[in-house]
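Residue numbers (our numbering), protein chains in the order written: chain A, 497 to 670; chain B, 43 to 303. The beta-carbon is built from N, C-alpha and C at its ideal position, and this holds for glycine as well.
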C-alpha cells in the first residue's frame, strides 16, 4: 500500500495537520502497524516539495509547532488516478484494496467502479493462469493454483464489499 | 490429474439441417447482417415473473465459437437470461436472435426443434434420467432427433473415452459419483454436435477437483468443435475458463471494463 497516496487521499477531505492525518491513518489503515510521526512529517514534506500539497505557515500554540497542509489540484489528480487504477492482480493485495475502497468512500468517489475494475483485472489474471495450467507441468499447475485461490479470495471479498457499499459509506463519513 | 482428451472424431449423426430450413427469413436484412458474426444476440430483454422483474433491458451479443461467462449475484437474472437466450423462456419485451433469425418469430415446435438440434444443455445437477443407463442418457438427444438406436448409441459411446468415463456406459445415475454424472451430462450436451452449449452452474454441485475436470473437458471439447458456450456461474475459477465475462445486475447486463456486453 502506498503511504504517501493514502495520506494524500486523507488530505483531500480537507486541510489537516500531520497529527490529524496520522491519527486517521492509524485508525483506518494502521491495523496494529502505526505510522511514526517522523514518517508522517517526512512524507508531508516530500508531498509539499513535489507540488502535491501546500504547507501552511507554522501555527504557534501551547503545544509543539504545527503546520496545516492543503492538497493541490495535482495532488487530487494523483489520488484520482491511483484510485481509478486497479492494483496489479497479485496475492497479498489486501491492504491496498482495503485502502482504496475506504478512501474512495471517504472522498465520494465511485468505489463500485474501482471494485469492478479490480474484479476485471483479477479475472484477467485468473484467465491467464487457467490457460497456463492447460497441459502444464504438475508443479507449475500447483503454483498457478496457489495464486488462483488467493485471487479468488480477493474476488469474494470484492463481491461482498460491492454488496455493502451503502453501509460502508456511512461508516467512514466524517 | 486427468486432462481432457481430444473429442470424438467426426460429426454427430445430424446437425439439425432440417430445423434451419424451418426458420423464417429475417424481416430486416440489415439486422441479419449485424448478427452474422454473433451467433446469439439478446436485445433489450424484459421479463417479469408476476410482479417480480427478472430482466430489465438485458442485452448480450455472443460471437460464434466464443466462450462467455455470465456472472452476477444470486437473483440477478443470469439464469433467466440464459433461458431466454436458449428459447426456453420467451421474454415479455425485446428480441433474441440466433444465427440471424429471430426466435420470437418461431412457432413453439420450431423453437423446440432448434433447442433439440442446435443447442446443448448442461445444468448444475446433471438431471440424468435415472431409469436409463449412462450411455442411453448420452444418446437421448440423438434418439429424440429421430436417429436410429444403433448409430445413436455408437455416437454416445465415443464420448465415454473422451470424458474419462470408460467402463461406466451401463451404469445408472445412482451408481455414478457427482463428477461422473456431470461428465455424462456434458457428453449428453455435446453428443448432437450443438452450435451452442448452454451451461448453468455446471460445476455448482461438485468439489473443486471434479469441477476443474468438468471445466477442462467442457472447454477443450467446445474449442475443438468450435462450439459456442454460454456459461452461467458465480464461481470466478469457472469463469476464468471463458474468453470473457459479463455481469448481470438488477436484470441488466454489463461488463467490468465498460465494453459492450
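Ignore the nearest five residues each way along the sequence and tell me which others in residue i's own chain have a CB closer than 7 Å to its CB.
i	result
residue 654 of chain A	611, 614 and 615
residue 625 of chain A	640, 643 and 644
residue 637 of chain A	629
residue 284 of chain B	109, 110, 111 and 273
residue 80 of chain B	103, 104 and 105
residue 167 of chain B	247
residue 570 of chain A	547 and 548
residue 91 of chain B	none
Quick check: is any heavy atom of the ligand HEM less than 7 Å from the C-beta of residue i?
i	result
residue 612 of chain A	In the structure shown, the ligand HEM is absent, as is every other ligand, since no ligand is present at all.
Going straight from the alpha carbon of residue i to that of residue j, what length do you get?
i	j	result
residue 596 of chain A	residue 200 of chain B	53 Å
residue 623 of chain A	residue 583 of chain A	17 Å
residue 630 of chain A	residue 258 of chain B	8 Å
residue 239 of chain B	residue 147 of chain B	22 Å
residue 121 of chain B	residue 250 of chain B	22 Å
residue 647 of chain A	residue 165 of chain B	26 Å
residue 223 of chain B	residue 632 of chain A	26 Å
residue 152 of chain B	residue 116 of chain B	32 Å
residue 75 of chain B	residue 84 of chain B	Because the pLDDT of residue 75 of chain B is 48, which lies under 50, any placement of that residue in the model is unreliable, and the question is left without a value.
residue 104 of chain B	residue 145 of chain B	15 Å
residue 278 of chain B	residue 619 of chain A	7 Å
residue 658 of chain A	residue 291 of chain B	12 Å
residue 539 of chain A	residue 500 of chain A	6 Å
residue 204 of chain B	residue 609 of chain A	43 Å
residue 520 of chain A	residue 513 of chain A	11 Å
residue 158 of chain B	residue 182 of chain B	10 Å
residue 123 of chain B	residue 179 of chain B	26 Å
residue 509 of chain A	residue 586 of chain A	30 Å
residue 606 of chain A	residue 206 of chain B	48 Å
residue 244 of chain B	residue 169 of chain B	11 Å
residue 71 of chain B	residue 303 of chain B	Low confidence applies to residue 71 of chain B: its pLDDT is 49, below 50, so where it sits in the model is not reliable, and the reading given next is rough at best. Distance between the alpha carbons of residue 71 of chain B and residue 303 of chain B is about 23 Å.
residue 127 of chain B	residue 88 of chain B	12 Å
residue 172 of chain B	residue 218 of chain B	11 Å
residue 602 of chain A	residue 497 of chain A	17 Å
residue 265 of chain B	residue 107 of chain B	7 Å
residue 693 of chain A	residue 162 of chain B	The requested residue 693 of chain A is not part of the displayed model; chain A covers only 497 to 670.
I need the boundaries of the beta strand (DSSP E) containing residue i, first residue and last residue.
i	result
residue 101 of chain B	94-105
residue 86 of chain B	80-91
residue 163 of chain B	161-164
residue 294 of chain B	294-296
residue 269 of chain B	No beta strand (DSSP E) holds residue 269 of chain B; DSSP gives it neither H nor E.
residue 608 of chain A	No beta strand (DSSP E) holds residue 608 of chain A; the alpha helix (DSSP H) holding it covers 607-629.
residue 549 of chain A	549-555
residue 233 of chain B	It is not in any beta strand (DSSP E) - residue 233 of chain B carries neither H nor E in the DSSP assignment.
residue 137 of chain B	135-140
residue 283 of chain B	No beta strand (DSSP E) contains residue 283 of chain B, which DSSP labels as neither H nor E.
residue 113 of chain B	109-113
Can you name, in chain order, every residue of its own chain whose Cβ lies under 6 Å from the Cβ of residue i, other than the five neighbours on each side?
i	result
residue 511 of chain A	564 and 566
residue 185 of chain B	194
residue 95 of chain B	293
residue 505 of chain A	575 and 599
residue 221 of chain B	248 and 252
residue 552 of chain A	563 and 564
residue 281 of chain B	111, 113, 275 and 287
residue 651 of chain A	618
Please classify residue i as buried or exposed, where buried requires at least 16 other C-beta atoms within 10 Å of its C-beta.
i	result
residue 202 of chain B	buried
residue 528 of chain A	exposed
residue 288 of chain B	buried
residue 523 of chain A	exposed
residue 268 of chain B	exposed
residue 635 of chain A	exposed
residue 216 of chain B	exposed
residue 262 of chain B	buried
residue 63 of chain B	Low per-residue confidence applies at residue 63 of chain B: pLDDT is 30, beneath 50, and the placement is therefore not dependable enough to give any value.
Can you give me the start and stop residues for the alpha helix (DSSP H) that residue i sits inside?
i	result
residue 524 of chain A	Where residue 524 of chain A is concerned, there is no enclosing alpha helix (DSSP H), given that its DSSP letter is neither H nor E.
residue 178 of chain B	176-186
residue 575 of chain A	569-580
residue 241 of chain B	From DSSP, residue 241 of chain B is part of no alpha helix (DSSP H) but of the beta strand (DSSP E) over 238-242.
residue 502 of chain A	499-508
residue 644 of chain A	634-658
residue 461 of chain A	Any property of residue 461 of chain A remains undetermined from this structure, which presents chain A solely from 497 to 670.
residue 145 of chain B	Element bounds for residue 145 of chain B: n/a, residue is neither H nor E.
residue 601 of chain A	590-602
residue 197 of chain B	191-204
Sorted by chain position, which residues of the same chain lie with C-beta nearer than 8 Å to residue i's C-beta, five sequence neighbours on each side aside?
i	result
residue 37 of chain B	Because chain B is modelled from 43 through 303, residue 37 of chain B falls outside the range shown and cannot be assessed.
residue 593 of chain A	583, 614, 650, 653 and 654
Determine contact between the region 86-102 of chain B and the region 123-143 of chain B, defined as no fewer than three beta-carbon pairs at a distance below 8 Å.
Yes, they touch.
Any chance the region 537-549 of chain A sits against the region 566-581 of chain A, with 3 or more Cβ pairs inside 8 Å?
Yes, the region 537-549 of chain A touches the region 566-581 of chain A.
For the region 226-244 of chain B and the region 177-191 of chain B, state whether three or more C-beta atom pairs, one from each stretch, are separated by less than 8 Å.
yes
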